[in-house]
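Q: Sharing a structure here in structure tokens format.
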Amino acid sequence: MATVLSVSGSPSATSRTARLLRHLDRRLTAQGHEVIPLDVRTLPAEALLGADVRHPAIAEALALFDHADGVVIGTPVYKAAYSGLLKSLLDLLPQYGLVGKTVLPLATGGTTAHVLAIDYALRPVLSSMGAGHIVQGWFTLDKDIAVADDGTLTVAPAAAEALGQVVDQFSAALGSRTAFLAAAG
Numbered sequence: 663m664a665t666v667l668s669v670s671g672s673p674s675a676t677s678r679t680a681r682l683l684r685h686l687d688r689r690l691t692a693q694g695h696e697v698i699p700l701d702v703r704t705l706p707a708e709a710l711l712g713a714d715v716r717h718p719a720i721a722e723a724l725a726l727f728d729h730a731d732g733v734v735i736g737t738p739v740y741k742a743a744y745s746g747l748l749k750s751l752l753d754l755l756p757q758y759g760l761v762g763k764t765v766l767p768l769a770t771g772g773t774t775a776h777v778l779a780i781d782y783a784l785r786p787v788l789s790s791m792g793a794g795h796i797v798q799g800w801f802t803l804d805k806d807i808a809v810a811d812d813g814t815l816t817v818a819p820a821a822a823e824a825l826g827q828v829v830d831q832f833s834a835a836l837g838s839r840t841a842f843l844a845a846a847g
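In the working numbering, the protein residues as written are 663 to 847.
Spelled out as structure tokens, the structure:
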């Protein structure tokens, strides 16, 4: 099927956002996609903040975007916007670094006051970078994501159902894109 880059923009090592993404990655893998996880927090801070695109880790991250058919972007919401860490990475991509890509924006946060962060903060940036198709995103409340002591993730039933639907829509859009590209040869 398609190659999906699953990007966590959370700066936290115990991030609900990253855990949620890895949970959704398994669903995409089960649907036949190759999923490559990328936790932006693992990139060298000096190279990332210094915009050193020649640094091997940064160059590799940028190459992952280039080779992906689809990109899942996950971020915690801080002050009604996506994380600064995610912005640092997006700033290093070429202006049209998402051309032809199918993109699924996801966000997590502590209050429904931030639910529009996807549409008013993240979606315009993804669109300006030429994303071919930005599917409906989803905002998940932190309280709907539970992590057990053993690391097991549980998502509240209503949130799990909604997330399943947006991931399935993303998967279907990827399937349509790869079928079109194969036919165009």
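Glycine is no exception: its CB is placed at the ideal position from the N, C-alpha and C atoms.
1. Which residues share a DSSP beta bridge with glycine 771?
2. Could you give the distance in angstroms between the alpha-carbon of leucine 755 and the alpha-carbon of proline 819?
3. Determine the direct distance from the alpha carbon of isoleucine 796 to that of glutamine 831, and round the result to whole angstroms.
4. Is the CB of leucine 747 under 7 Å away from at least one CB in chain D?
5. Between alanine 664 and glycine 837, what straight-line distance do the alpha-carbon atoms span, to the nearest angstrom?
6. Can you tell me which of the three DSSP states threonine 816 falls into?
7. Under the DSSP definition of a beta bridge, which residues are partnered with serine 670?
8. Between the Cα of threonine 774 and those of Leu748, Ala742, Leu784, spot the shortest distance and give me the residue it belongs to.
9. Does the beta-carbon distance from glycine 727 to glycine 762 come in below 7 Å?
10. Relative to the C-alpha of glycine 671, which residue among Val734, Met791, Gly694, Ala808 is closest?
11. Cβ of glycine 837 within 6 Å of any heavy atom in the ligand GTP?
12. With a 10 Å radius around its C-beta and 16 neighbouring C-beta atoms as the bar for buried, classify proline 738 as buried or exposed.
13. Check whether the region 777 to 787 and the region 690 to 709 are in contact - that is, three or more C-beta pairs closer than 8 Å.
A: Let me spell this out:
1. Leu803
2. Cα atoms of leucine 755 and proline 819: separation of roughly 36 Å, rounded to the nearest angstrom.
3. 11 Å
4. Absent from the structure is chain D; it holds one protein chain and no more.
5. 7 Å
6. strand
7. Asp701, Gly736
8. Ala742
9. The amino acid occupying residue 727 in the given sequence is phenylalanine; glycine does not appear at that position. No, these two residues do not count as a Cβ contact at 7 Å.
10. Val734
11. By its list of ligands, the structure shown contains no ligand whatsoever, and the ligand GTP lies outside what it can speak to.
12. buried
13. no
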